[in-house]
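Everything below concerns the one structure shown next.
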Amino acid sequence: MKIIIGILIFISVGQVAFADYEPTPLPKLIIESDMILEGEIINQDSLTFTIKILNWIKGDSTSKNITIEKFEDWNCANRITKYKIGQKEIVFLLQHKKTKKWITMGAGNEGELLIQNDSITYEDIYRDSKSGCSKLDYFEQEVCGWRYHIKDFKSGIEFYISEFPKLKNEYTTENKITNRLKENESYKRMIYETFNYLLFGGSY
Numbered sequence: 730m731k732i733i734i735g736i737l738i739f740i741s742v743g744q745v746a747f748a749d750y751e752p753t754p755l756p757k758l759i760i761e762s763d764m765i766l767e768g769e770i771i772n773q774d775s776l777t778f779t780i781k782i783l784n785w786i787k788g789d790s791t792s793k794n795i796t797i798e799k800f801e802d803w804n805c806a807n808r809i810t811k812y813k814i815g816q817k818e819i820v821f822l823l824q825h826k827k828t829k830k831w832i833t834m835g836a837g838n839e840g841e842l843l844i845q846n847d848s849i850t851y852e853d854i855y856r857d858s859k860s861g862c863s864k865l866d867y868f869e870q871e872v873c874g875w876r877y878h879i880k881d882f883k884s885g886i887e888f889y890i891s892e893f894p895k896l897k898n899e900y901t902t903e904n905k906i907t908n909r910l911k912e913n914e915s916y917k918r919m920i921y922e923t924f925n926y927l928l929f930g931g932s933y
């Protein structure tokens, strides 16, 4: 009887954890982050990693390096690969109001996009069979998503930040969102996910 009760509790907790986990969409990463950086991991310990800042995409500071709390794998999500010195990535960061420590966004580690051959891989967080995502090798794991050149991805983010007030106004007044950067594939994805983001209360 104790074994059965234990199994039921384990299943219940697992279901609650899964229900509580909602993937963080790209618009939320961009708009609600305190800082977005391109960087390279130069140091790590058991709890944190330090990146050398290569490019500021959102936010600004005189710092050349920044230390960030590591993402902890859990039953619903894990980092695509272990932290290693030399890894380059785009990070979407929040700063804890009390401790001032930096953390990556997303319960599913959506706030870390590792760079491979000057490109980032963005997974289909909605797991939509009609999304048009492609099967990609992402650090020896197969994922369904899109691959964007780092230059296009960064310019898409910068344009999206400047455009967001206009996009939000269009959605509120006309129930539409206009893509004004049609040649940028990563920006198309940002626009696509904006509908759901605003529908469920995303704000600037």
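Number 894 in this note's numbering belongs to position 165 of the sequence shown; there are no gaps in the numbering.
Glycine included, every Cβ here is placed at the ideal spot set by N, Cα and C.
Local conformation of K895 per DSSP, three classes: helix
Under the assumption that I795 contacts I771 (Cβ atoms under 8 Å), give the Cβ distance between them as a whole number of angstroms. Not a contact, Cβ separation roughly 10 Å.
If you check the beta carbons only, do E818 and L843 fall under 8 Å apart? yes
Whether G815 touches E769 by CB criterion (8 Å): Going by C-beta atoms, G815 is nearer than 8 Å to E769.
Label S762 either buried or exposed according to how many other C-beta atoms from any shown protein chain fall within 10 Å of its C-beta, with 16 as the threshold for buried. S762 is buried by the Cβ-count criterion.
Excluding sequence positions up to five away, which residues of its chain have a Cβ less than 7 Å from the Cβ of N838? Excluding positions up to five away in sequence, the list reads F800, A806 and R808.
Opening and closing residue of the beta strand (DSSP E) in which L865 lies: S863 to Y867
Rounding to the nearest angstrom, what Cα-Cα distance links L766 and S860 in this structure? 27 Å
Residue ranges of each beta strand (DSSP E) run of no fewer than 3 residues wholly in the stretch 813 to 869, ordered along the chain? 817 to 824, 831 to 833, 841 to 845, 848 to 852 and 863 to 867
Would you call the CB atoms of G874 and S915 closer than 8 Å? no
Answer with buried or exposed for E869, where buried requires no fewer than 16 other C-beta atoms within 10 angstroms of its C-beta. exposed
Which residues DSSP lists as bridging I890, in chain order: DSSP lists no partner for I890.
Examine the ligand COA and report whether any of its heavy atoms sits within less than 7 Å of the Cβ of S884. Absence of the ligand COA is noted for the structure shown, with no ligands found whatsoever.
Closest Cα partner of P894 within the set P752, P756, E751 and Y750: It is P756.
Given a cut-off of 8 Å, decide if Y889 and L927 are closer than it, judged by their beta-carbon atoms. The answer is no: Cβ separation not under 8 Å.
Taking just the CA atoms, how far does K826 sit from D881? 32 Å
I need the DSSP call for L927, collapsed to helix, strand or coil. helix
My output table needs one value for Y877: the three-state DSSP class, helix, strand or coil. Y877: strand per DSSP, three-state reduction.
I'd like the ranges of any beta strand (DSSP E) spanning at least 3 consecutive residues and lying wholly in the stretch 746 to 814. 764 to 773, 777 to 787 and 794 to 798
Give the straight-line distance between the Cα atoms of P752 and T791, rounded to the nearest whole angstrom. Those two C-alpha atoms are separated by around 32 Å.
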